[in-house]
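Notes to accompany the following structure.
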Amino acid sequence: IGLAQSGKANLSALVTHRFPLEDLAGAFRLLEDYSDGVIKPVVTL
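Structure follows, in structure tokens:
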């Protein structure tokens, strides 16, 4: 956590997909199928 807070660790590279809240089911499907090189999907409000 300290590395992320200090900016020494680039965690944005872990976010591979973004979904609107309306497509929450799509985010879970992607994770469940482990398809399209998913690492970390983010759901935006």
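Going by the working numbering, the sequence shown opens with residue 1, and the numbers climb by one from there. Where is the CB? At the ideal position from N, CA and C, for every residue including glycine.
Item to check | Run of the alpha helix (DSSP H) containing G33, from where it starts to where it stops | outcome: Here the question's residue 33 lines up with position 33 in the sequence shown. The amino acid occupying residue 33 in the given sequence is Asp; Gly does not appear at that position. Element bounds for D33: L24 to D33.
Checklist entry - Contact check, D36 vs L45 under 8 Å by CB: the rounded distance? => result Working through the sequence shown from its first residue, we reach residue 36 at position 36. Working through the sequence shown from its first residue, we reach residue 45 at position 45. Between L45 and D36 the Cβ distance is about 23 Å, and since that is not below 8 Å, they are no contact.
Checklist entry - If you draw a straight line from the alpha carbon of N10 to that of A4, how long is it in whole angstroms? => result Here residue 10 refers to the residue found at position 10 when the sequence shown is read from its first residue. Here residue 4 refers to the residue found at position 4 when the sequence shown is read from its first residue. Looking at the two C-alpha atoms, the distance is approximately 7 Å.
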